[in-house]
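Chemist: I'd like to ask some things about the structure below.
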Amino acid sequence: MYRSVILLLLSFSAFAHEMTPSHPELKLSHVPGVLKAEMAMFNKRQDVQYYEIGVFTEDWRPVPFVSSYRLAKLRYLEHLNFDVYIREEDATKATYLCSLSKLKETADYKPAVSSRICSRFR
117 MYRSVILLLL SFSAFAHEMT PSHPELKLSH VPGVLKAEMA MFNKRQDVQY YEIGVFTEDW
177 RPVPFVSSYR LAKLRYLEHL NFDVYIREED ATKATYLCSL SKLKETADYK PAVSSRICSR
237 FR
């Protein structure tokens, strides 16, 4: 029984996307009062092309941020580098930086697994 559960979990991990680093560091940006995190994403899912970026508190409330990509288009096996900017006053609240796959349903295909990857700020 446990072996089948482990195999099932391993098979789902093959459909996920990647986001690095896992513990991003907020550094000073070129704008006074604003911090920046440098991130990278890699799409390992053929069925997903869009990912939503979000920043959250420890209890999953949204934190205001700016990025070139709130909704990033990322084709299969494509790599994307992006920066996330957060005000210094919100930096103490920001705990998680997440990307969520946005599933597109058609008449022929209904994806079953959505993937969310979260990195925790240092």
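Going by this note's numbering, the sequence shown opens with residue 117, and the numbers climb by one from there. In this text, a Cβ means the ideal position worked out from N, Cα and C, and glycines have one as well.
Looking only at its own chain, which residues have a Cβ that is under 7 Å from the Cβ of F181, when we skip the five neighbours before and after it?
Modeler: For the purposes of this step, residue 181 is taken as the residue at position 65 of the sequence shown. Only V171, V200, Y201 and I202 meet the Cβ criterion.
Chemist: Looking only at its own chain, which residues have a Cβ that is under 8 Å from the Cβ of K92, when we skip the five neighbours before and after it?
Modeler: With the chain covering 117 to 238 only, the question about residue 92 has no answer from this structure.
Chemist: Express the C-alpha separation of W176 and F158 in angstroms, rounding to a whole number.
Modeler: Position 42 of the sequence shown, counted from the first residue, corresponds to residue 158. Position 60 of the sequence shown, counted from the first residue, corresponds to residue 176. Looking at the two C-alpha atoms, the distance is approximately 24 Å.
Chemist: According to DSSP, N197 sits in a beta bridge with which residue or residues?
Modeler: Looking up residue 197 in the sequence shown gives position 81. A156, per the DSSP bridge assignment.
Chemist: Please state the DSSP three-state secondary structure of A188.
Modeler: Counted from its first residue, the sequence shown places residue 188 at position 72. Strand.
Chemist: Can you check whether the CB of P140 is closer than 9 Å to the CB of A153?
Modeler: Taking the sequence shown and counting its residues from 1, one reaches residue 153 at position 37. Taking the sequence shown and counting its residues from 1, one reaches residue 140 at position 24. In this structure, P140 lies closer than 9 Å to A153 by Cβ.
Chemist: Tell me the DSSP secondary structure of E284 in three-state form.
Modeler: Lying outside 117 to 238, the shown extent of the chain, residue 284 is not represented and no answer is given.
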